[in-house]
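Worksheet for the structure shown next.
Protein chains: 2
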Amino acid sequence: MSDERAFIEALRRIAGTPAARGLADDCAVFDMGERALVLTHDMMVEGVHWLPGQAMHDVAWKLVAVNLSDLAAKGATPLGILVGHTLGEDDAGFLAGLEEASDTLGAPLWGGDTVSHHGGARTLGLTAIGQTEHRPVPSRGGAKPGDAVCITGPVGGAMIGFESLRDEGDTPDNRRVTQPYRRPTPLLSEGRALAPLASAIMDVSDGLLLDASRMAEASGVTLALDRAAIPIAAPEDRRDEALRWGDDYQLLFTVSPEVELPIPAHRIGVVHERGEHAVLLDGEPVSGAPGYEHRRAH
Amino acid sequence: MSDERAFIEALRRIAGTPAARGLADDCAVFDMGERALVLTHDMMVEGVHWLPGQAMHDVAWKLVAVNLSDLAAKGATPLGILVGHTLGEDDAGFLAGLEEASDTLGAPLWGGDTVSHHGGARTLGLTAIGQTEHRPVPSRGGAKPGDAVCITGPVGGAMIGFESLRDEGDTPDNRRVTQPYRRPTPLLSEGRALAPLASAIMDVSDGLLLDASRMAEASGVTLALDRAAIPIAAPEDRRDEALRWGDDYQLLFTVSPEVELPIPAHRIGVVHERGEHAVLLDGEPVSGAPGYEHRRAH
Numbered sequence: 001m002s003d004e005r006a007f008i009e010a011l012r013r014i015a016g017t018p019a020a021r022g023l024a025d026d027c028a029v030f031d032m033g034e035r036a037l038v039l040t041h042d043m044m045v046e047g048v049h050w051l052p053g054q055a056m057h058d059v060a061w062k063l064v065a066v067n068l069s070d071l072a073a074k075g076a077t078p079l080g081i082l083v084g085h086t087l088g089e090d091d092a093g094f095l096a097g098l099e100e101a102s103d104t105l106g107a108p109l110w111g112g113d114t115v116s117h118h119g120g121a122r123t124l125g126l127t128a129i130g131q132t133e134h135r136p137v138p139s140r141g142g143a144k145p146g147d148a149v150c151i152t153g154p155v156g157g158a159m160i161g162f163e164s165l166r167d168e169g170d171t172p173d174n175r176r177v178t179q180p181y182r183r184p185t186p187l188l189s190e191g192r193a194l195a196p197l198a199s200a201i202m203d204v205s206d207g208l209l210l211d212a213s214r215m216a217e218a219s220g221v222t223l224a225l226d227r228a229a230i231p232i233a234a235p236e237d238r239r240d241e242a243l244r245w246g247d248d249y250q251l252l253f254t255v256s257p258e259v260e261l262p263i264p265a266h267r268i269g270v271v272h273e274r275g276e277h278a279v280l281l282d283g284e285p286v287s288g289a290p291g292y293e294h295r296r297a298h
Numbered sequence: 001m002s003d004e005r006a007f008i009e010a011l012r013r014i015a016g017t018p019a020a021r022g023l024a025d026d027c028a029v030f031d032m033g034e035r036a037l038v039l040t041h042d043m044m045v046e047g048v049h050w051l052p053g054q055a056m057h058d059v060a061w062k063l064v065a066v067n068l069s070d071l072a073a074k075g076a077t078p079l080g081i082l083v084g085h086t087l088g089e090d091d092a093g094f095l096a097g098l099e100e101a102s103d104t105l106g107a108p109l110w111g112g113d114t115v116s117h118h119g120g121a122r123t124l125g126l127t128a129i130g131q132t133e134h135r136p137v138p139s140r141g142g143a144k145p146g147d148a149v150c151i152t153g154p155v156g157g158a159m160i161g162f163e164s165l166r167d168e169g170d171t172p173d174n175r176r177v178t179q180p181y182r183r184p185t186p187l188l189s190e191g192r193a194l195a196p197l198a199s200a201i202m203d204v205s206d207g208l209l210l211d212a213s214r215m216a217e218a219s220g221v222t223l224a225l226d227r228a229a230i231p232i233a234a235p236e237d238r239r240d241e242a243l244r245w246g247d248d249y250q251l252l253f254t255v256s257p258e259v260e261l262p263i264p265a266h267r268i269g270v271v272h273e274r275g276e277h278a279v280l281l282d283g284e285p286v287s288g289a290p291g292y293e294h295r296r297a298h
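Listed in order, the protein sequences are those of chains G and Y.
Letter by letter, the first sequence follows residues 1 to 298 in our numbering.
Letter by letter, the second sequence follows residues 1 to 298 in our numbering.
Structure follows, in structure tokens:
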């Protein structure tokens, strides 16, 4: 059963407690009365989630950022982080990046564990703990027919950044281009502003079309997207790839069309009653693989 | 700086928030008013924390148990766990062990992440979240001169179990002998009973003498231990090794000598004003390495 999908399905059967949200959401949500705790744990593997030789300063930043992005999708405020580190090259860079991310993004380091490296790809993990007072805590599962489908910003920038980093290395000249891949920004304040208004929210980590299909499945609806309305940070001839690449960490959300949005966002579609397909792109089912499965958190 | 001790020292400078407890305790403790959250993240690496080829059922149990043991040392009750899993051999066994530990030890699965395996030693991580209403939440740092030093049970059983598993494999005949190594028990109810009474508590994960020295350093005292009074689950001629081996997960604690203990425990020494050495064994400093550093949580 060394197959991620089968493993997660089996795991889902174990995770029956309400806080687990059926392992179908970005985070666990534990209701404590006045406030809810919001928790997530994402791992990163060398060669999968970062390029071998990449500056560990950036890897540490990303490790923090991708976890906080999950909190952002709940409208949560970070309380603290626990880091699971495998020692190796550029540990000093890792520490500097961890400190910068912790300070800049407001997520104090609470603890964790450190292990030595025993060959193969290095594995890192991070647990982020946050809280929110807003109820209900938004999920992927609340999209309603008639709602507008929106996204906070463009996708595809991480794809372009990844390619530049892979092909040209990390140089002063391409630092701005590679930034979306190296150092994503978790949209914490945007998430807090949207949480009381949106019917469903998630962060786009694995590709817009794949993540949209997850929101559609969780909500029991179809998301009908307008291909041309989706903002991309890539050449127009790469639009189809930009919609499938991940790592941009925009927030995808649905909201009643009457709501005045508190933050800038792009309206990219509408929610329909559930049809045959989870996602439609200009009225047609999505062809080919909709995105990356490799970093599917559970 | 690929050295665990230097890395953790550097990490300590980042972790200035009170919840981190200076990375000198078993857990992070976040005060929420009525209750305190208690959090820990421990990793396990194949070939370091478990034997290659060992049944993953037991590895999953241990992954849960060692983290809950950290909660036990705070007198905390588990709320939930997040698991970081690297796919590989015997994933079905891992799931079964995870479910059994989660059910038996009362720690619901809240979520986590799953990544594919890319060579080398597999790495697993687990975050345990617990809570306690008792204040102050005990630490390693409260031992006072005159206190008795106590331990909940024998050490050395995991050493014997490890050797049997390594030399004879996992057979029906040695299952009882290997159990302390394969399937440690987190002493959650014992920790809850001790938390209001003990001046300092920690779990013994890396070797009694090493962990005692950590308690002594955190408390600014000397722990004077009576070698013969320390219960061991090993032949008498291996006493010195039993005091240095880890993985037994007993609770080591200090308590005012007038206190009537609510649970069975062994008095193994007394707390002195800080002298030249952190730990004395029959009045002498400890010779040689006091224990294992490899799984030092921070």
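All residues carry an ideal CB built from backbone N, CA and C; glycine is no exception.
None of these values were measured; they are calculated from a predicted model.
Chain-ordered neighbours of residue i on chain Y, where CB pairs are closer than 8 Å
{"i": "I14 of chain G", "result": "L95, L98, E99, S102 and L109"}
{"i": "A278 of chain G", "result": "Here the premise fails: no neighbours, minimum Cβ distance about 22 Å."}
{"i": "L23 of chain G", "result": "G111"}
Under 9 Å by beta carbon: chain G residues contacting residue i
{"i": "A20 of chain Y", "result": "G80, P108, L109, W110 and G111"}
{"i": "I268 of chain Y", "result": "Simply none; closest approach about 28 Å."}
{"i": "F162 of chain Y", "result": "Per Cβ cutoff of 9 Å: no residues; F162 of chain Y is ~18 Å from chain G at best."}
When the options are compared against residue i, the one with the closest alpha-carbon
{"i": "L98 of chain G", "options": "G:C150, G:T40, G:D206 and G:V83", "result": "G:V83"}
{"i": "A234 of chain Y", "options": "Y:G111, Y:P145, Y:I160 and Y:E168", "result": "Y:I160"}
{"i": "L11 of chain G", "options": "Y:R183, Y:A65, Y:A19 and Y:G112", "result": "Y:G112"}
{"i": "D226 of chain Y", "options": "Y:S213, Y:R267 and Y:D248", "result": "Y:R267"}
{"i": "P285 of chain Y", "options": "Y:A212, Y:E236 and Y:G246", "result": "Y:A212"}
{"i": "I81 of chain G", "options": "G:D91, G:W61, G:D90 and G:A92", "result": "G:W61"}
{"i": "A28 of chain Y", "options": "G:A15, G:G47 and G:I129", "result": "G:I129"}
{"i": "V45 of chain Y", "options": "G:P264, G:G156, G:S116 and G:Q250", "result": "G:S116"}
{"i": "V48 of chain Y", "options": "Y:V177, Y:A198 and Y:R166", "result": "Y:R166"}
{"i": "L261 of chain Y", "options": "Y:A198, Y:D240, Y:G283 and Y:A101", "result": "Y:A198"}
{"i": "P18 of chain Y", "options": "G:L109, G:A228 and G:E241", "result": "G:L109"}
{"i": "G16 of chain Y", "options": "G:R122, G:P52, G:P180 and G:A107", "result": "G:A107"}
{"i": "M317 of chain Y", "options": "Y:E236, Y:V204, Y:V259 and Y:L124", "result": "With chain Y covering only 1 through 298, there is no way to say anything about residue 317 of chain Y."}
{"i": "T178 of chain Y", "options": "Y:R5, Y:Q54, Y:T40 and Y:M32", "result": "Y:Q54"}
{"i": "R182 of chain G", "options": "G:A121, G:M32, G:L51 and G:E241", "result": "G:L51"}
{"i": "T40 of chain Y", "options": "Y:G33, Y:A73, Y:E34 and Y:V59", "result": "Y:A73"}
Supposed contact pair residue j and residue i - C-beta distance, whole angstroms, cut 8 Å
{"i": "R244 of chain Y", "j": "A289 of chain Y", "result": "7 Å"}
{"i": "E190 of chain G", "j": "T132 of chain G", "result": "That belief does not hold up - the Cβ atoms of E190 of chain G and T132 of chain G are roughly 14 Å apart, past 8 Å."}
{"i": "I8 of chain Y", "j": "T114 of chain G", "result": "6 Å"}
{"i": "I14 of chain Y", "j": "S102 of chain G", "result": "7 Å"}
Within chain G, the residues that residue i reaches when beta carbons sit closer than 7 Å
{"i": "A10 of chain Y", "result": "L95"}
{"i": "D58 of chain Y", "result": "Chain G residues near D58 of chain Y: none, gap ~17 Å exceeds 7 Å."}
{"i": "A121 of chain Y", "result": "H118, G119 and G120"}
Chain-order list of residues whose beta-carbon lies under 7 Å from that of residue i (same chain, five-residue window excluded)
{"i": "M215 of chain G", "result": "R140, A143, A200, M202, L223 and L252"}
{"i": "G220 of chain Y", "result": "R274"}
{"i": "V271 of chain G", "result": "A143, K144, P145, G146, D147, V149, V221, L223 and T254"}
{"i": "D25 of chain G", "result": "S139 and R140"}
{"i": "H298 of chain G", "result": "Confidence at H298 of chain G is low in this model, with a pLDDT of 36, below 50, so its placement is unreliable and the value that follows should be read with caution. So the list reads I8, L11 and L23, once near-sequence residues are dropped."}
{"i": "V259 of chain Y", "result": "L197"}
Where residue i meets chain Y, residues with beta-carbon distance less than 9 Å
{"i": "E4 of chain G", "result": "L87, T114, V115 and S116"}
Close Cβ partners of residue i (< 8 Å) along its chain, the five nearest in sequence each way excluded
{"i": "L105 of chain Y", "result": "V64, A65, L68, P78, P186 and L188"}
{"i": "P184 of chain Y", "result": "K62, A65, V66, S69, A158, D247, D248 and Y249"}
{"i": "A20 of chain Y", "result": "A28"}
{"i": "G283 of chain Y", "result": "A224"}
6 Å CB neighbourhood of residue i in its chain, flanking five on each side removed
{"i": "A195 of chain Y", "result": "G75, H134 and P138"}
{"i": "S287 of chain Y", "result": "none"}
{"i": "A278 of chain Y", "result": "S213, A216 and E217"}
{"i": "N174 of chain G", "result": "S164 and E168"}
{"i": "L210 of chain Y", "result": "P290 and G291"}
{"i": "P231 of chain Y", "result": "P154 and H266"}
{"i": "H57 of chain Y", "result": "G93, A96 and G97"}
{"i": "P180 of chain Y", "result": "G157, A158 and G161"}
{"i": "A36 of chain Y", "result": "V29, T132 and V137"}
{"i": "A193 of chain Y", "result": "P262 and I263"}
Residue i beta carbon near the ligand FMN (any heavy atom closer than 7 Å)
{"i": "K74 of chain G", "result": "The ligand FMN is absent from the structure shown, which contains no ligands of any kind."}
Cross-chain neighbours of residue i in chain G, by beta carbon under 8 Å
{"i": "H41 of chain Y", "result": "L82, V83, G84, G111, G112, D113, G125 and T127"}
{"i": "A28 of chain Y", "result": "G80, L82, W110 and G111"}
{"i": "T17 of chain Y", "result": "G80, P108, L109 and W110"}
Chain Y residues whose Cβ lies nearer than 7 Å to that of residue i
{"i": "G47 of chain G", "result": "H118"}
Within-8 Å CB hit, residue i to chain C
{"i": "T178 of chain Y", "result": "Note that chain C does not occur in the displayed structure, where the protein chains are G and Y."}
Practice problem: Specify whether the stretch 84-93 of chain G and the stretch 87-96 of chain Y touch according to this definition: at least 3 beta carbon pairs, one from each stretch, less than 8 Å apart. | Solution: No contact exists between the stretch 84-93 of chain G and the stretch 87-96 of chain Y.
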